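Residue numbers for the sequence shown, in our numbering: 150 to 324.
No residue lacks a Cβ here, since even glycine has one placed at the ideal position from N, Cα and C.
Being a predicted model, the structure only gives us computed values, none of them experimental.
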Amino acid sequence: VRHLMRDAPPDLVLSGINQGANLGTETVFSGTVGAAMAGMLLGIPSIGLSAAFVRGEPVHWETALAHGPAVLRRLSGMPWSPRACLNVNFPNVPPDQAGPLTLTRQGRGPLDGIEVDGRIDPRQQDYFWIRLTRTPGTDLPDSEGAAVAAHRISVTPLRFERTDEETLRALRNRF
Numbered sequence: 150v151r152h153l154m155r156d157a158p159p160d161l162v163l164s165g166i167n168q169g170a171n172l173g174t175e176t177v178f179s180g181t182v183g184a185a186m187a188g189m190l191l192g193i194p195s196i197g198l199s200a201a202f203v204r205g206e207p208v209h210w211e212t213a214l215a216h217g218p219a220v221l222r223r224l225s226g227m228p229w230s231p232r233a234c235l236n237v238n239f240p241n242v243p244p245d246q247a248g249p250l251t252l253t254r255q256g257r258g259p260l261d262g263i264e265v266d267g268r269i270d271p272r273q274q275d276y277f278w279i280r281l282t283r284t285p286g287t288d289l290p291d292s293e294g295a296a297v298a299a300h301r302i303s304v305t306p307l308r309f310e311r312t313d314e315e316t317l318r319a320l321r322n323r324f
């Protein structure tokens with residue numbers, strides 16, 4: 150961005166829209182959220198966009214297409230901290246069933262494990278697929294997962310800082 154667009158930097162970075170919601174702890178594995186974070190770190194307001202889906206069923210891309218422009222217009226007209234990017238998740242329902250734009254916090258999300266599947270490519274080299282395992286459940290009532298489960302469009306401000314203050318204090322007490 151600073152090299153290719155140095156004479157005309159963007160006013161806004163949009164990342165996505167990707168197939169699959171980015172909820173809770175899964176955001177650390179997300180290229181969509183990662184690109185929004187990168188834009189944020191460059192000082193550019195940034196929004197990651199994701200569409201929830203159910204495996205084996207079609208993705209309701211038309212929901213993001215129908216609601217996305219209004220969501221982006223609304224968000225781009227609002228100020229937010231330069232230390233935050235926005236994570237938008239569209240529910241997996243037809244456009245007329247999608248609820249209102251809802252401000253949410255990051256919950257835990259459905260991630261319950263990570264599996265590694267080792268394989269061998271045609272050149273006899275090892276490679277690995279990482280598969281996230283999920284268990285649907287209840288999340289915090291004001292979380293993005295709860296909003297998407299209730300067919301609402303969630304907007305969650307995220308920041309890069311993820312320090313666990315409790316553990317930091319405990320470790321400092323032992324040093």
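In the DSSP assignment, find the alpha helix (DSSP H) that holds residue i and state where it starts and stops.
{"i": "residue 225", "result": "210–225"}
{"i": "residue 293", "result": "293–298"}
{"i": "residue 180", "result": "180–190"}
Can the beta-carbon of residue i be found less than 9 angstroms from the beta-carbon of residue j?
{"i": "residue 196", "j": "residue 164", "result": "yes"}
{"i": "residue 150", "j": "residue 214", "result": "no"}
{"i": "residue 305", "j": "residue 252", "result": "yes"}
{"i": "residue 283", "j": "residue 261", "result": "yes"}
{"i": "residue 175", "j": "residue 259", "result": "yes"}
{"i": "residue 233", "j": "residue 189", "result": "yes"}
{"i": "residue 225", "j": "residue 161", "result": "yes"}
{"i": "residue 216", "j": "residue 185", "result": "no"}
{"i": "residue 202", "j": "residue 169", "result": "yes"}
{"i": "residue 270", "j": "residue 278", "result": "no"}
Residue range of the beta strand (DSSP E) that residue i falls in?
{"i": "residue 310", "result": "Element bounds for residue 310: n/a, residue is neither H nor E."}
{"i": "residue 328", "result": "Lying before the first or after the last residue shown, residue 328 is absent from the chain, which here runs from 150 to 324."}
{"i": "residue 277", "result": "275–283"}
{"i": "residue 157", "result": "Counting along the chain, residue 157 falls outside any beta strand (DSSP E), and DSSP gives it neither H nor E."}
{"i": "residue 166", "result": "162–168"}
{"i": "residue 268", "result": "260–269"}
{"i": "residue 251", "result": "250–252"}
{"i": "residue 193", "result": "Here residue 193 belongs to no beta strand (DSSP E), and DSSP marks it neither H nor E."}
What do you get for residue i, buried or exposed, if any count of 16 or more other CB atoms within 10 angstroms of its CB means buried?
{"i": "residue 256", "result": "buried"}
{"i": "residue 200", "result": "buried"}
{"i": "residue 173", "result": "buried"}
{"i": "residue 302", "result": "buried"}
{"i": "residue 171", "result": "buried"}
{"i": "residue 235", "result": "buried"}
{"i": "residue 290", "result": "exposed"}
{"i": "residue 219", "result": "exposed"}
{"i": "residue 154", "result": "exposed"}
{"i": "residue 294", "result": "buried"}
{"i": "residue 194", "result": "buried"}
{"i": "residue 245", "result": "exposed"}
{"i": "residue 298", "result": "buried"}
{"i": "residue 198", "result": "buried"}
{"i": "residue 275", "result": "exposed"}
Are any of the Cβ atoms in chain D nearer than 9 angstroms to that of residue i?
{"i": "residue 255", "result": "In summary, chain D is missing from the structure at hand, where a single protein chain is found."}
Our contact map puts residue i next to residue j with C-beta atoms below 8 angstroms; I'd like the distance itself, whole angstroms only.
{"i": "residue 178", "j": "residue 307", "result": "Not quite, the Cβ-Cβ distance comes to about 14 angstroms (not below 8 angstroms), so this is no contact."}
{"i": "residue 292", "j": "residue 268", "result": "Residue 292 to residue 268, Cβ: 35 angstroms. No contact."}
**Touch test, the segment 228–248 against the segment 205–220, Cβ-Cβ under 8 angstroms, three pairs minimum** = yes
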